[in-house]
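See structure below.
Number of protein chains: 2
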Amino acid sequence: MIQPKDFMQTLNQFYTHPLIGAADLEKIRAKHHRVKFKKGDVILEKGRQANAYYCMEKGLARAYVVSHSGQEITTGFILSGEIAIDVVSIFTRIPAAETIVCLSECLCYQINFEDFQELFHSIPGLSEWGRNWMSKALFAHRKRSISMITESALDRYLDLVKNYPEIIEKAPLKHIATYLGVTDSSLSRIRKEIARQ
Amino acid sequence: MIQPKDFMQTLNQFYTHPLIGAADLEKIRAKHHRVKFKKGDVILEKGRQANAYYCMEKGLARAYVVSHSGQEITTGFILSGEIAIDVVSIFTRIPAAETIVCLSECLCYQINFEDFQELFHSIPGLSEWGRNWMSKALFAHRKRSISMITESALDRYLDLVKNYPEIIEKAPLKHIATYLGVTDSSLSRIRKEIARQ
DNA sequence: AACATTTCTTGTCCTAGGACAAGTATTTTG
DNA sequence: CAAAATACTTGTCCTAGGACAAGAAATGTT
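Printed below as a string of structure tokens:
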């Protein structure tokens, strides 16, 4: 059973923008529906056209791509309060390059592309909200690229520990390793080194 | 003197979207104005609030950030037909983290934030065009992060040679080096190695 | 509980690319 | 055109982190 009050409150956290009022939020809410995933469930699969995105209320998911050599590279983690989405696939209408898979039980609010599209054009604040969301995504990507160039694996790991302890606690080492761009043995040694202090 | 015919044609290349018609394009055009920069001129400076972006008709520019340790890291090159913009700064209204500087004489069409904002809300196709543009930017960023993890410096360089020969020809080695995440001596050796074949 | 599977650790050895330094070549500028 | 600045190359030596492999620990499954 959906509890409208809680639902509103949760969605509010996702769609915060000065131009989005209570009435807008209600229209937005009406297009979302709750979906539960179990650990290991695939939210979005590589090769499939993404036709929805998912606001993560609770849980942890991992997005990855398969490299040239067949290796799974973790491109990001989706935490509570974040959105599981393949922006490229959903908005440029091409098959997803990423797979998104749950690392724990996940409670999400799904919204389909067509519904979003309608809201996007009818609620002025929403297009701006989307632009802001993407700006922040670009910011995060830029930061990551730069840290790959300027920081050691140890420092990148420490950043993650500091800013996203939940990932460290809940994600398996090997996925954190590919996210950081090191092998799992290297990351294991990094942890050992940190523990020594 | 601006030649309206050419101007339209050039801008058309930038603002291509099924929902943007000829009348829209004319409205968009009216808000752009031509700016010329000389080699070395700064289009956007770190610390300043970005209040415009620039469609590059002709020329080459470089975007960079200054790392923790004071090193300039090239985050991207802007070629003819691309847009010189600090998305984060202009849309989230914070000071620019990047500096954009011309590597050659550059001919640009500038549009100011307020004008863009107006068009963004009055031309339905433009918000979608912007969303597409950002999706592509995210795609490029993701690709770069992945290549930093999975490819050798040599392969990353060869990719650049193949896809952006203009950068190789016109940008100084040291900027290409920081873009690829290697030192300039390393890149020099990579070039030597390639030349040996 | 017993087995299989996955996750993590550790060892040995190796290599891509960094640090530093000293050139040479090329532009820029007075 | 000469001096200065910048761009690029090359040498020597070194280190972070990869490759591979084998074990230990934890987790899942019947």
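So the sequence lines, in the order shown, correspond to chains A and B. Last residue of the first sequence: 197 in my numbering, with the numbers rising by one and none dropped. Last residue of the second sequence: 1197 in my numbering, with the numbers rising by one and none dropped. Note that the Cβ used here is the ideal one computed from N, Cα and C, for glycine as well. Note that the structure is a prediction, hence the values are computed from the model and not measured.
Can you tell me where the alpha helix (DSSP H) with residue i in it begins and where it stops?
i                  : result
Gly-130 (chain A)  : 124-150
Arg-196 (chain A)  : 184-196
Thr-1178 (chain B) : 1173-1180
Leu-25 (chain A)   : 22-30
Tyr-1157 (chain B) : 1153-1163
Quick one: residues in its chain with C-beta nearer than 6 Å to the C-beta of residue i, no 5 flanking neighbours on either side, listed in chain order?
i                  : result
Lys-174 (chain A)  : Asp-184
Ser-89 (chain A)   : Ala-50 and Ala-96
Phe-14 (chain A)   : Cys-55
Thr-10 (chain A)   : Glu-57
His-1017 (chain B) : Gly-1125 and Trp-1129
Once you ignore the five residues that flank residue i on each side, which residues in its own chain have a CB closer than 8 Å to its CB?
i                  : result
Ser-147 (chain A)  : Asp-155, Arg-156 and Asp-159
Ile-20 (chain A)   : Ile-28, Ile-123, Gly-125, Leu-126 and Trp-129
Glu-1151 (chain B) : Asp-1159
Glu-26 (chain A)   : Met-8
Leu-180 (chain A)  : Ala-153, Arg-156, Tyr-157, Leu-160 and Leu-187
Tyr-1164 (chain B) : Phe-1077 and Leu-1079
Give the C-beta separation of residue i and residue j to the nearest angstrom, bearing in mind that I take them to be a contact with Cβ-Cβ under 8 Å.
i                  : j                  : result
Tyr-1053 (chain B) : Ile-1085 (chain B) : 4 Å
Cys-1106 (chain B) : Ile-1083 (chain B) : About 12 Å; that fails the 8 Å criterion.
Arg-1142 (chain B) : His-141 (chain A)  : 7 Å
Lys-1039 (chain B) : Leu-1103 (chain B) : 7 Å
Arg-1144 (chain B) : Ser-145 (chain A)  : 6 Å
Ala-63 (chain A)   : Thr-75 (chain A)   : 5 Å
His-32 (chain A)   : Gln-117 (chain A)  : Going by Cβ atoms, the distance from His-32 (chain A) to Gln-117 (chain A) rounds to 14 Å, so no, they are not a contact pair.
Ile-1043 (chain B) : Val-1087 (chain B) : Not really, about 14 Å apart at Cβ, beyond 8 Å.
Would residue i count as contacting chain B if we go by Cβ distances under 8 Å?
i                 : result
Asn-132 (chain A) : yes
Asp-49 (chain A)  : Before going further, note that residue 49 (chain A) is Gln rather than Asp in the sequence given. Answer no: the Cβ-Cβ gap between Gln-49 (chain A) and chain B never drops below 8 Å.
His-141 (chain A) : yes
Thr-16 (chain A)  : no
Val-66 (chain A)  : no
Leu-44 (chain A)  : no
Ser-188 (chain A) : no
Phe-113 (chain A) : no
Val-101 (chain A) : no
Phe-77 (chain A)  : no
Val-161 (chain A) : no
Val-35 (chain A)  : no
Leu-59 (chain A)  : A small fix is needed here, since residue 59 (chain A) is Gly in this sequence, not Leu. So, not an interface residue.
Using a C-beta cutoff of 8 Å, does residue i count as contacting chain A?
i                  : result
Arg-1144 (chain B) : yes
Thr-1150 (chain B) : yes
Ser-1122 (chain B) : no
Gly-1040 (chain B) : no
Ser-1069 (chain B) : yes
Leu-1138 (chain B) : yes
Gly-1021 (chain B) : no
Ser-1127 (chain B) : yes
Gly-1081 (chain B) : no
Ser-1135 (chain B) : yes
Ile-1073 (chain B) : yes
Thr-1092 (chain B) : yes
Going by DSSP, what residue range makes up the beta strand (DSSP E) through residue i?
i                  : result
Arg-48 (chain A)   : Here Arg-48 (chain A) belongs to no beta strand (DSSP E), and DSSP marks it neither H nor E.
Tyr-109 (chain A)  : 106-112
Lys-1036 (chain B) : 1033-1037
Leu-44 (chain A)   : 42-44
Thr-1016 (chain B) : Run containing Thr-1016 (chain B): none; DSSP gives neither H nor E here.
Looking only at its chain, what residues have a beta carbon closer than 7 Å to the beta carbon of residue i, apart from the 5 residues adjacent to it on each side?
i                  : result
Phe-1113 (chain B) : Asn-1051, Ala-1052 and Ile-1090
Arg-48 (chain A)   : Pro-95 and Ala-96
Asn-1012 (chain B) : Leu-1025
Asp-115 (chain A)  : Lys-31
* **Length-filtered (4 minimum) alpha helix (DSSP H) runs lying within the region 1058-1095 of chain B** => 1087-1092
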